[in-house]
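S.K.: Sharing a structure, written as C-alpha cells. Questions coming.
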Amino acid sequence: MNIEHLVISQVAIDFPTPEGPFRALDDVNLVIDKGEFISIIGHSGCGKSTVLNIVAGLYQATEGGVILDGREVNEPSPDRAVVFQNHSLLPWLTAYENVELAVKQVFKGKKSKQEIREWIQHNLELVHMSHAMHKRPGEISGGMKQRVGIARALAMEPKVLLMDEPFGALDALTRTHMQDSLMEIHQSLKNTVIMITHDVDEAVLLSDRIVMMSNGPAATVGDILSIDIERPRNRLKLADDPLYNHYRAEVVRFLHERHTLPAVNTADDKASGVVPERDKAAVLDLKGYRNKRGQKLEKSSVKLGFVPLTDCAPLAIAKEKGFFEKHGLDVTLSRESTWANIRDKVCYGVLDGAQMLPGIPLSTVENAKCRPMVVSMALGLNGNGITISTELWNKIHELAGSAIDSPLESARALKALIERNRLENLPPLDFGVVFPESSHNFLLRYWLASAGIDPDKDVNIKVIPPPQMVSHMQAGLIAGYCVGEPWNVKAEHDGIGRLIVSSSQIWNNHPEKVFGCTREWAESNPNTMRLLWLP
Amino acid sequence: MNTQTLVASTEQAPVIDDRFDRVAEFSALVLSWARKFAVPVIAFLIFLGVWSGAASQIKTSLGVVPGPVAVWGQFLNLVDEHNREREKEKAFFERQEKRNAAKLAKDPNAKVKIRPYTGKPTFFDQIFTSLGTVASGFLLASIIAIPVGVACGLSTVLYGALNPLIQIFKPVSPLAWLPIVTIIVSAVYVSKDPMFSKSFVTSAITVTLCCIWPTIINTTVGVASLDKDLINVSRVLRLGWATKVWKIVLPSSIPMIFAGLRLSLSIGWMVLIAAEMLAQNPGLGKFVWDEFQNGSSNSLGRIMVAVFVIGLIGFLLDRGMLILQRYVSWDKNAELR
Numbered sequence: 001m002n003i004e005h006l007v008i009s010q011v012a013i014d015f016p017t018p019e020g021p022f023r024a025l026d027d028v029n030l031v032i033d034k035g036e037f038i039s040i041i042g043h044s045g046c047g048k049s050t051v052l053n054i055v056a057g058l059y060q061a062t063e064g065g066v067i068l069d070g071r072e073v074n075e076p077s078p079d080r081a082v083v084f085q086n087h088s089l090l091p092w093l094t095a096y097e098n099v100e101l102a103v104k105q106v107f108k109g110k111k112s113k114q115e116i117r118e119w120i121q122h123n124l125e126l127v128h129m130s131h132a133m134h135k136r137p138g139e140i141s142g143g144m145k146q147r148v149g150i151a152r153a154l155a156m157e158p159k160v161l162l163m164d165e166p167f168g169a170l171d172a173l174t175r176t177h178m179q180d181s182l183m184e185i186h187q188s189l190k191n192t193v194i195m196i197t198h199d200v201d202e203a204v205l206l207s208d209r210i211v212m213m214s215n216g217p218a219a220t221v222g223d224i225l226s227i228d229i230e231r232p233r234n235r236l237k238l239a240d241d242p243l244y245n246h247y248r249a250e251v252v253r254f255l256h257e258r259h260t261l262p263a264v265n266t267a268d269d270k271a272s273g274v275v276p277e278r279d280k281a282a283v284l285d286l287k288g289y290r291n292k293r294g295q296k297l298e299k300s301s302v303k304l305g306f307v308p309l310t311d312c313a314p315l316a317i318a319k320e321k322g323f324f325e326k327h328g329l330d331v332t333l334s335r336e337s338t339w340a341n342i343r344d345k346v347c348y349g350v351l352d353g354a355q356m357l358p359g360i361p362l363s364t365v366e367n368a369k370c371r372p373m374v375v376s377m378a379l380g381l382n383g384n385g386i387t388i389s390t391e392l393w394n395k396i397h398e399l400a401g402s403a404i405d406s407p408l409e410s411a412r413a414l415k416a417l418i419e420r421n422r423l424e425n426l427p428p429l430d431f432g433v434v435f436p437e438s439s440h441n442f443l444l445r446y447w448l449a450s451a452g453i454d455p456d457k458d459v460n461i462k463v464i465p466p467p468q469m470v471s472h473m474q475a476g477l478i479a480g481y482c483v484g485e486p487w488n489v490k491a492e493h494d495g496i497g498r499l500i501v502s503s504s505q506i507w508n509n510h511p512e513k514v515f516g517c518t519r520e521w522a523e524s525n526p527n528t529m530r531l532l533w534l535p
Numbered sequence: 536m537n538t539q540t541l542v543a544s545t546e547q548a549p550v551i552d553d554r555f556d557r558v559a560e561f562s563a564l565v566l567s568w569a570r571k572f573a574v575p576v577i578a579f580l581i582f583l584g585v586w587s588g589a590a591s592q593i594k595t596s597l598g599v600v601p602g603p604v605a606v607w608g609q610f611l612n613l614v615d616e617h618n619r620e621r622e623k624e625k626a627f628f629e630r631q632e633k634r635n636a637a638k639l640a641k642d643p644n645a646k647v648k649i650r651p652y653t654g655k656p657t658f659f660d661q662i663f664t665s666l667g668t669v670a671s672g673f674l675l676a677s678i679i680a681i682p683v684g685v686a687c688g689l690s691t692v693l694y695g696a697l698n699p700l701i702q703i704f705k706p707v708s709p710l711a712w713l714p715i716v717t718i719i720v721s722a723v724y725v726s727k728d729p730m731f732s733k734s735f736v737t738s739a740i741t742v743t744l745c746c747i748w749p750t751i752i753n754t755t756v757g758v759a760s761l762d763k764d765l766i767n768v769s770r771v772l773r774l775g776w777a778t779k780v781w782k783i784v785l786p787s788s789i790p791m792i793f794a795g796l797r798l799s800l801s802i803g804w805m806v807l808i809a810a811e812m813l814a815q816n817p818g819l820g821k822f823v824w825d826e827f828q829n830g831s832s833n834s835l836g837r838i839m840v841a842v843f844v845i846g847l848i849g850f851l852l853d854r855g856m857l858i859l860q861r862y863v864s865w866d867k868n869a870e871l872r
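Residue numbers (this note's numbering), protein chains in the order written: chain P, 1 to 535; chain D, 536 to 872.
This is the structure we're talking about:
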C-alpha cells in the first residue's frame with residue numbers, strides 16, 4: 001500500500017473535568033495529500049483547534065493517532081510548524097530574530113552563518129516583511145506580526161503548515177491581503193496546509209478541500225467539500241463564479257444546519273453519507289479498527305461466492321468469526337461448485353463478488369457477454385498441485401527406473417510413457433484442470449511442455465470442477481489434474497493419486513485466488529468494497 | 536461637521552477658538568505642574584509643621600524632642616565631624632610619612648611601618664559600610680533566588696517540594712536568624728587572614744536569608760504564568776532547555792523577577808539596620824545604637840538624621856533597581872512604578 005502523506009485516523013480526545021472525562025473529539029478521520037490545502041471550518045467550540053493541536057503534537061489523542069509520511073506523530077516538531085492565532089512572536093525579539101530563533105534551531109549545523117542569514121531574509125521577503133525586519137512585534141501592525149509568524153513557520157521548511165485561525169484577529173482589508181499572500185506562497189512552495197478558519201469565503205477561496213466539523217461534544221468530521229476551482233484563483237473573478245457561489249452556499253448551509261440543529265450528531269447523521277471515500281480509507285491504516293457506527297454502506301447485505309477449496313479460508317473465516325458483521329456488513333456466502341458458475345453469477349449480478357481465479361477477470365476483458373471485472377485483492381498465493389493417479393504413477397515410475405525427484409524428471413518420465421502409448425495406439429491421457437482461464441491450466445501446460453509434451457496434441461485437457469476432481473480420477477476418467485487444495489492431499493490420503501508437482505515449484509508465489517467483482521459494482525459500492533478488504 | 540460650516544461662515548471664529556485653546560493649554564500645564572511638584576511639597580511642609588509642633592510638647596530624659604530645625608543642625612554637625620575626622624586622618628598620614636622619611640634619611644635600610652588610621656568611623660563611613668553589606672547580601676540572595684524561582688516555575692514537582700519550606704522561612708524575623716548565623720559563622724568561617732570580617736559576613740548572610748524569599752516567589756509566579764502560546768512555540772521548535780530559559784522564560788518573567796528583587800532589596804535594607812543594631816556590626820544600625828547608648832542631648836537629633844538617611848537610601852536603592860529594570864527589560868515603553 002502506498003504511504004499516505006498525512007493520515008488522521010480514528011482520533012478521539014478526552015479532557016478531564018470534575019465530572020469525569022469530557023470527549024471533545026470522536027472518530028476524526030482525514031487523509032491529506034502532499035501539497036493539499038485543507039480548511040477546517042465549524043462552529044466555535046467544535047474542536048477545530050483541538051484537531052490542529054493534535055496534529056501539531058501539542059495535544060495527545062486519547063484514541064487513534066496521526067501518521068505523517070508513515071510515522072506516527074505524538075510530540076511537537078518543526079516538521080509541523082504552527083502559525084498561532086495571535087502570532088505568538090516573542091515580543092523581545094525583532095522580526096528577524098524571531099525567525100532566526102526558529103531557523104537556528106532547525107538548521108543548526110546544516111547551514112553556514114551566511115546561509116542562515118540569507119534564508120531568514122528570504123523568508124521575510126516571501127511574506128513582504130524585509131522592510132521591517134529589525135522591528136519588534138510591538139512596533140508593527142497586527143497583519144505584519146502575522147506575516148512574521150508565517151515567515152517563521154515557513155522558514156522551518158515544515159512538511160505540514162498548521163494555521164490556527166491565522167487571520168481571525170485582522171481587519172477585513174488586511175485579511176484580504178494576507179489571504180492573497182498565502183495563496184501566492186502556497187502556489188510557489190506547494191506546502192501541505194491545514195488551516196482553521198471560521199470565514200466561509202476564506203475557506204472556499206484558499207482550500208482544495210473544506211472539512212466541516214460537526215458540533216461538540218464528541219465532534220467529528222461532518223462533511224468534506226472538494227473545491228474544484230482552478231488555481232491560481234482570483235477573488236474578484238470568483239465573486240460572480242456560479243461554482244464558487246455554489247461551494248460557498250454548501251458551506252453556509254452546513255454551518256446553518258449545525259447551528260439550528262446542533263444535536264444532529266448521531267450515528268444516523270454520520271450515516272447520511274457525505275464523507276468522501278478516501279477519508280474512510282483512513283481507518284484501514286489502523287490496527288484493531290472498530291467500526292461501531294454504521295458508515296454509509298451502499299449495500300450492507302452482500303452475497304459472495306466461493307468454491308470449496310482450502311483457499312476460500314479468508315472469506316469463510318471472516319464470515320464465521322463475524323469480521324464482516326463487526327463492520328456492519330451482512331455477508332451471505334454462496335457455495336458454488338464451478339468457476340464458470342462464479343464467473344457467470346458475478347457477471348449477471350447474482351453474486352456481488354466472489355473468490356475467483358486470477359484468470360477470470362482477465363477473461364472478462366475479451367468476453368463481450370460478460371461485464372468487465374476488477375480485482376481488489378489476492379486471497380492466496382501458491383497452493384496448487386499436479387496430482388496423477390496411482391496407476392499412472394506406477395507406470396511412469398517403472399519406466400523411469402529411478403527415483404523421480406523433480407518436476408522435470410516426472411515430466412520426462414511422463415513424456416516417455418506418452419511416446420510408448422502412442423506406439424501402442426492408446427488414446428491420449430486425460431488431464432483435468434478447473435477452468436480454461438485458470439492458473440491451473442497454465443501451470444499444467446507449462447509442466448507438460450517442459451519435457452516437450454505438447455499440451456494440445458499429446459494429452460487431452462478437460463475442465464472439471466475442483467470438488468469433482470478426485471471422484472473423476474477415482475473413476476478412471478482422468479489420469480491427472482492440476483487443482484488447488486485440499487484436492488491433492490485428498491487424493492493422496494485416499495490412495496487414489498499421488499502429488500508430483502507443487503505449483504510453487506513451477507512459479508513460486510503465483511497469484512492463486514483473488515477477490516473479484518464487476519467494475520460497475522466496485523464503482524457504485526465503493527464503501528462496501530473497502531469494508532470487504534478489512535478482514 | 537458643524538464646526539466646519541461655522542469656520543467657513545465667520546472669519547473670526549478660528550481666532551477666538553485659538554485664544555481659548557491657549558488658555559486651556561496653559562491652565563492644563565499649570566495644573567499638571569502643580570500636581571507633580573506643589574502637592575508633594577505642601578504635604579511635606581504640613582508634615583514638618585506637625586512634627587515641630589508635636590516635638591516641642593514632648594519632654595524626654597534627653598531633653599525636648601528635636602524639631603526639624605534641630606535635626607538639620609545635627610546633620611550639619613555630622614558633616615562637620617566627618618570633615619574633621621578626614622582632616623585628622625590626613626594629618627595622621629602626613630605625620631607618619633614625615634616620620635618614615637626621617638627614618639629612611641637616617642638609615643636607608645631601616646624598616647618602615649605604615650599603620651592604618653584607627654580613628655572612629657564617622658556617620659558617612661557607616662553609610663558606606665552598610666551599603667556594601669546590603670549589596671553583598673542582596674547579590675548573594677539574587678544569585679540563589681532567580682535560578683531557584685525559574686526552576687520552581689518550570690517544574691511543578693520542584694515547586695511542590697520547595698513551597699512549604701519557602702512559606703515557613705519567609706516570615707522569620709532577622710532577629711531570629713541573627714544568633715544562628717552569628718554562631719555558625721563563628722564556627723565555620725575560621726581563617727588567619729580573613730578576606731572579610733566576621734561581622735560583615737554575619738550581616739550579609741542574615742540579609743540574604745531574609746530577602747531571598749520575595750524574589751523566589753515572584754520569579755516562580757512570573758515563570759509559571761508564561762504565555763501558553765510562547766510555551767507552544769518553544770515546544771514546536773523543540774528548543775533546548777537552556778535556549779528556552781534564556782530566550783523565552785527569562786525575558787517574559789523580567790517584570791515579575793524585578794518586582795521580587797525590589798521587594799527583596801527593601802527588606803534587605805530594613806533587615807540590615809536591625810541586624811547591625813543587634814549584633815554591633817559596623818554600619819548605620821550601629822550608629823543608631825551607639826547614639827542611643829551615648830545618651831547625650833544631641834543623641835535624639837542624630838538618630839533622627841539617621842532615620843531620614845536610612846529612608847532616603849532605601850528610596851534611592853529602589854529607584855536604582857527601577858533604572859536597572861528599565862535597562863534590562865525589552866519593553867522600554869512599559870510604565871514602571
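In this text, a Cβ means the ideal position worked out from N, Cα and C, and glycines have one as well.
1. So what's D:Leu-597 in DSSP terms, helix, strand or just coil?
2. Mind checking if P:Pro-137 is an interface residue toward chain D, Cβ cutoff 8 Å exclusive?
3. Near D:Met-791, what residues of its chain come up, given a Cβ to Cβ distance below 7 Å and the 5 sequence neighbours on each side ignored?
4. Does DSSP classify P:Cys-46 as helix, strand or coil?
5. In terms of residues, what are the limits of the beta strand (DSSP E) holding D:Met-839?
6. Flag P:Glu-277 as yes if its beta-carbon sits less than 8 Å from any beta-carbon of chain D, otherwise no.
7. Below 8 Å on the Cβ atoms is my guess for D:Ile-751 versus D:Val-806; work out the distance and round it to an integer in Å.
8. For D:Phe-827, report the span of its beta strand (DSSP E) as first-last.
9. Sorted by chain position, which residues of the same chain lie with C-beta nearer than 7 Å to P:Ala-451's C-beta, five sequence neighbours on each side aside?
10. Does DSSP put D:Glu-620 in a helix, a strand or coil?
11. Quick check on DSSP: helix, strand or coil for D:Leu-566?
12. Return yes when the Cβ of P:Ala-340 is within less than 8 Å of the Cβ of P:Phe-435, no when it is not.
13. In the DSSP output, which residue or residues are listed as bridge partners for D:Lys-733?
14. Which of the three DSSP states is assigned to P:Arg-209 in this structure?
15. Could you run through the stretch 109 to 124 of chain P and flag, in chain order, every residue whose CB is less than 9 Å away from some CB of chain D?
16. Secondary structure at P:Arg-231, three-state DSSP: helix, strand or coil?
17. Based on DSSP bridge pairs, tell me the residues matched to P:Glu-325.
18. Can you confirm whether P:Pro-91, when its beta carbon is compared against all beta carbons of chain D, has any partner nearer than 8 Å?
19. With DSSP run on the structure shown, which of helix, strand or coil describes P:Met-356?
20. Under the DSSP definition of a beta bridge, which residues are partnered with P:Thr-192?
21. State yes or no: is the C-beta of P:Arg-233 within less than 8 Å of the C-beta of P:Met-183?
22. Would you report the Cα separation of D:Ser-708 and D:Val-720, rounded to the nearest angstrom?
23. When burial is assigned at 16 or more other CB atoms within 10 Å of the CB, is P:Tyr-247 buried or exposed?
24. Give the straight-line distance between the Cα atoms of D:Ser-799 and D:Gln-702, rounded to the nearest whole angstrom.
25. State the Cα-Cα distance for the pair P:Arg-371 and P:Lys-326, rounded to the nearest angstrom.
26. Give the secondary structure of D:Phe-658 by DSSP, where H, G and I count as helix, E and B as strand, and everything else as coil.
27. Do you know how far the Cα of P:Val-51 is from the Cα of D:Arg-770?
28. What beta strand (DSSP E) runs, 3 residues minimum, are completely inside the stretch 441 to 509 of chain P?
29. Pick helix, strand or coil for P:Phe-254, following the three-state DSSP scheme.
30. Whole angstroms are fine: how far does the CA of P:Glu-75 sit from the CA of P:Gly-57?
31. List, in order along the chain, the chain D residues whose C-beta lies closer than 7 Å to that of P:Leu-58?
32. Can you pull the chain P residues whose beta carbon is under 7 Å from the beta carbon of D:Ile-783, in chain order?
33. Below 7 Å on C-beta distance, what does P:Glu-102 contact in chain D?
34. With distance defined between alpha-carbon atoms, name the residue in D:Val-599, D:Leu-689, D:Glu-632 nearest to D:Arg-766.
35. With a 10 Å radius around its C-beta and 16 neighbouring C-beta atoms as the bar for buried, classify D:Gln-828 as buried or exposed.
36. Identify whether P:Glu-72 lies in helix, strand or coil by the three-state DSSP scheme.
M.R.: The structure says:
1. Locating residue 597 of chain D in the second sequence gives position 62, counting from the first residue. D:Leu-597 falls in the coil class under three-state DSSP.
2. Numbered from 1 along the first sequence, position 137 holds the residue referred to as residue 137 of chain P. No, no contact with chain D.
3. In the second sequence, counting from the first residue as 1, residue 791 of chain D sits at position 256. If we look at D:Met-791 and ignore the five residues flanking it on each side, its Cβ neighbours are Asn-753, Thr-754, Val-756, Gly-757.
4. In the first sequence, the residue the question calls residue 46 of chain P occupies position 46. Of the three classes helix, strand and coil, the one that applies to P:Cys-46 here is coil, per DSSP.
5. Locating residue 839 of chain D in the second sequence gives position 304, counting from the first residue. Not the beta strand (DSSP E): D:Met-839 falls in the alpha helix (DSSP H), residues 834 to 863.
6. Here residue 277 of chain P is taken as the residue at index 277 of the first sequence, counted from 1. With a pLDDT of 48 at P:Glu-277, under the threshold of 50, the predicted position of this residue should be treated as unreliable, and no value is reported.
7. Taking the first residue of the second sequence as position 1, residue 751 of chain D is located at position 216. Taking the first residue of the second sequence as position 1, residue 806 of chain D is located at position 271. Wrong, their Cβ atoms sit about 16 Å apart, outside the cutoff.
8. Residue mapping note: residue 827 of chain D aligns to position 292 of the second sequence, counting from 1. D:Phe-827 -> not in any beta strand (DSSP E); alpha helix (DSSP H) instead, spanning 819 to 829.
9. By one-based count along the first sequence, residue 451 of chain P stands at place 451. Once the five neighbours on either side are set aside, the close Cβ partners of P:Ala-451 are Leu-408, Ala-411, Arg-412, Leu-414, Lys-415.
10. Position 85 of the second sequence holds residue 620 of chain D. Reduced to three states, the DSSP call for D:Glu-620 is helix.
11. Counting from 1 along the second sequence, the entry for residue 566 of chain D is found at position 31. Looking at D:Leu-566 - three-state DSSP - the assignment turns out to be helix.
12. For the purposes of this step, residue 435 of chain P is taken as the residue at position 435 of the first sequence. For the purposes of this step, residue 340 of chain P is taken as the residue at position 340 of the first sequence. Cβ atoms of P:Phe-435 and P:Ala-340: closer than 8 Å.
13. Here residue 733 of chain D refers to the residue found at position 198 of the second sequence. None; D:Lys-733 has no bridge partner.
14. Residue mapping note: residue 209 of chain P aligns to position 209 of the first sequence, counting from 1. Strand.
15. none
16. On the first sequence, residue 231 of chain P is found 231 positions in, with the first residue counted as 1. P:Arg-231 falls in the coil class under three-state DSSP.
17. Indexing the first sequence from 1 puts residue 325 of chain P at position 325. Answer by DSSP bridge pairing: none, since P:Glu-325 is not bridged.
18. By one-based count along the first sequence, residue 91 of chain P stands at place 91. Chain D, which has a Cβ nearer than 8 Å to the Cβ of P:Pro-91, makes this yes.
19. Your numbering for residue 356 of chain P matches position 356 in the first sequence. Strand.
20. The count along the first sequence starts at 1 and reaches residue 192 of chain P at position 192. According to DSSP, which records beta bridges pairwise, P:Thr-192 is partnered with P:Val-160.
21. As a working note, residue 233 of chain P is residue 233 in the first sequence. As a working note, residue 183 of chain P is residue 183 in the first sequence. Going by C-beta atoms, P:Arg-233 is nearer than 8 Å to P:Met-183.
22. As a position in the second sequence, residue 708 of chain D is number 173, starting the count at 1. As a position in the second sequence, residue 720 of chain D is number 185, starting the count at 1. If you take the alpha carbons of D:Ser-708 and D:Val-720, they lie about 18 Å apart.
23. Against the first sequence, residue 247 of chain P aligns to sequence position 247. Buried is the call here.
24. Position 264 of the second sequence, counted from the start, is the residue given in the question as residue 799 of chain D. Position 167 of the second sequence, counted from the start, is the residue given in the question as residue 702 of chain D. Straight-line Cα distance between these residues: approximately 15 Å.
25. Taking the first residue of the first sequence as position 1, residue 371 of chain P is located at position 371. Taking the first residue of the first sequence as position 1, residue 326 of chain P is located at position 326. Going from the Cα of P:Arg-371 to the Cα of P:Lys-326 covers about 31 Å.
26. Here residue 658 of chain D is taken as the residue at index 123 of the second sequence, counted from 1. Helix, per DSSP.
27. Residue 770 of chain D sits at position 235 when you count from the first residue of the second sequence. Residue 51 of chain P sits at position 51 when you count from the first residue of the first sequence. Near 17 Å, if we compare the C-alpha coordinates of P:Val-51 and D:Arg-770.
28. 459 to 463, 480 to 484, 497 to 502
29. Mapped onto the first sequence, residue 254 of chain P falls at position 254. Looking at P:Phe-254 - three-state DSSP - the assignment turns out to be helix.
30. Translated into the one-based positions of the first sequence, residue 57 of chain P becomes position 57. Translated into the one-based positions of the first sequence, residue 75 of chain P becomes position 75. Roughly 4 Å separates the two Cα atoms.
31. Numbered from its first residue, the first sequence carries residue 58 of chain P at position 58. Neighbours of P:Leu-58 on chain D, chain order: Asn-767, Arg-770.
32. Within the second sequence, the letter at position 248 stands for residue 783 of chain D. Those are Leu-90, listed as they occur along chain P.
33. Numbered from 1 along the first sequence, position 102 holds the residue referred to as residue 102 of chain P. Looking at the sequence itself, residue 102 of chain P is Ala, so the reference to Glu does not match. Chain D residues near P:Ala-102: Leu-772.
34. What you label residue 766 of chain D is simply residue 231 of the second sequence in a count that begins at 1. The residue asked about is misnamed: residue 766 of chain D is Ile in this sequence, not Arg. Taking only the C-alpha atoms, the option nearest D:Ile-766 is D:Leu-689.
35. Here residue 828 of chain D refers to the residue found at position 293 of the second sequence. Answer is exposed; the Cβ neighbour count stays below 16.
36. Locating residue 72 of chain P in the first sequence gives position 72, where the first residue counts as 1. P:Glu-72 falls in the strand class under three-state DSSP.
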